[in-house]
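In the numbering used here, the protein residues as written are 2 to 157. Think of the CB as a built atom: it goes at the ideal place given N, C-alpha and C, for glycine as much as any other residue. Just so we're clear, the structure is a prediction, and the values are computed from it rather than from any experiment. Data first, discussion second: the structure below is written as structure tokens.
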């Protein structure tokens with residue numbers, strides 16, 4: 002699998018959503034913020050989802066939609082969204098196929114133990130389906146604002 006780069010075609014995907022499948026094609030003609038996060042209701046993932054939710058109006062004004070993705074189930078996403086009053090859409094990738102396609106399934110290390118997990122990463126996809134921005138190994142503070150700035154620049 003080739004490394005994804007800015008300017009390359011965004012890989013097509015299909016995720017499970019509360020109302021049925023969510024596909025890249027559903028966002029044709031609009032900007033999509035596709036962000037991958039490790040786990041529902043963990044501190045960093047909650048903060049990131051809340052940050053994106055709080056800025057949703059500004060993203061919409063920039064013509065952008067936000068979609069968070071993890072391997073958690075649709076039911077888990079529903080509980081997570083309800084608990085924290087999240088406004089962003091959440092897609093479930095239980096097989097991890099989409100996570101892998103976007104290069105977000107990586108070896109991680111905690112307390113010297115190595116394991117595979119989701120690398121917090123974000124992709125900005127333009128209305129033509131091209132990758133306009135990539136953030137890997139995301140640190141949550143300030144991230145949503147940086148992505149918003151890039152989304153606004155696409156609209157300008």
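Alpha carbon to alpha carbon, what distance is there between residue 85 and residue 54?
The residue labelled residue 54 in the question sits at position 53 within the chain shown. The residue labelled residue 85 in the question sits at position 84 within the chain shown. Note on geometry: alpha-carbon atoms of residue 54 and residue 85 lie some 10 Å from one another.
Does the Cβ of residue 122 have 16 or more other Cβ atoms within 10 Å, making it buried, or fewer, making it exposed?
Numbered from 1 along the chain shown, position 121 holds the residue referred to as residue 122. Taking all protein chains in view, the Cβ of residue 122 is crowded by 16 or more other Cβ atoms within 10 Å, so the residue is classified as buried.
Other residues of its chain near residue 92: CB distance less than 6 Å, five sequence neighbours each side excluded:
On the chain shown, position 91 is the one that residue 92 refers to. Excluding sequence neighbours, residue 92 sits near 16, 18, 23, 68 and 70.
Considering only residues of the stretch 9 to 51, which uninterrupted alpha helix (DSSP H) runs meet the minimum length of 4 residues and lie entirely inside it, listed in chain order?
Complete alpha helix (DSSP H) runs here, min 4: none at all.
Taking the continuous beta strand (DSSP E) assigned at residue 110, which residues delimit it?
As a first step, residue 110 must be located in the chain shown, where it is residue number 109. Counting along the chain, the beta strand (DSSP E) containing residue 110 begins and ends at 106 to 111.
Residue(s) in a DSSP beta bridge with residue 124
The residue you call residue 124 lines up with position 123 of the chain shown. Answer is 35 and 135, bridged to residue 124.
For the pair the stretch 93 to 111 and the stretch 5 to 16, tell me if three or more CB-CB distances fall below 8 Å.
The stretch 93 to 111, when compared against the stretch 5 to 16, does touch it at the 8 Å Cβ threshold.
Taking only the alpha-carbon atoms, compute the straight-line gap between residue 88 and residue 138 and give it to the nearest angstrom.
As a position in the chain shown, residue 88 is number 87, starting the count at 1. As a position in the chain shown, residue 138 is number 137, starting the count at 1. Between the alpha carbons of residue 88 and residue 138 lies a distance of about 23 Å.
Nearest-angstrom Cα distance between residue 115 and residue 25?
Reading the chain shown from its first residue, position 114 is the one you call residue 115. Reading the chain shown from its first residue, position 24 is the one you call residue 25. Residue 115 and residue 25 have their C-alpha atoms some 32 Å from each other.
Less than 8 Å between the beta carbons of residue 126 and residue 106, yes or no?
As a position in the chain shown, residue 126 is number 125, starting the count at 1. As a position in the chain shown, residue 106 is number 105, starting the count at 1. Taking 8 Å as the cut-off, the Cβ atoms of residue 126 and residue 106 do not count as close.
Determine the extent of the beta strand (DSSP E) in which residue 65 is found, giving its start and end residues.
For the purposes of this step, residue 65 is taken as residue 64 along the chain shown, with counting starting at 1. Looking at the DSSP string, the run of the beta strand (DSSP E) that includes residue 65 is 65 to 71.
Residue 94 versus residue 40: straight-line alpha-carbon distance, rounded
The residue labelled residue 94 in the question sits at position 93 within the chain shown. The residue labelled residue 40 in the question sits at position 39 within the chain shown. Roughly 12 Å between the two C-alpha positions.
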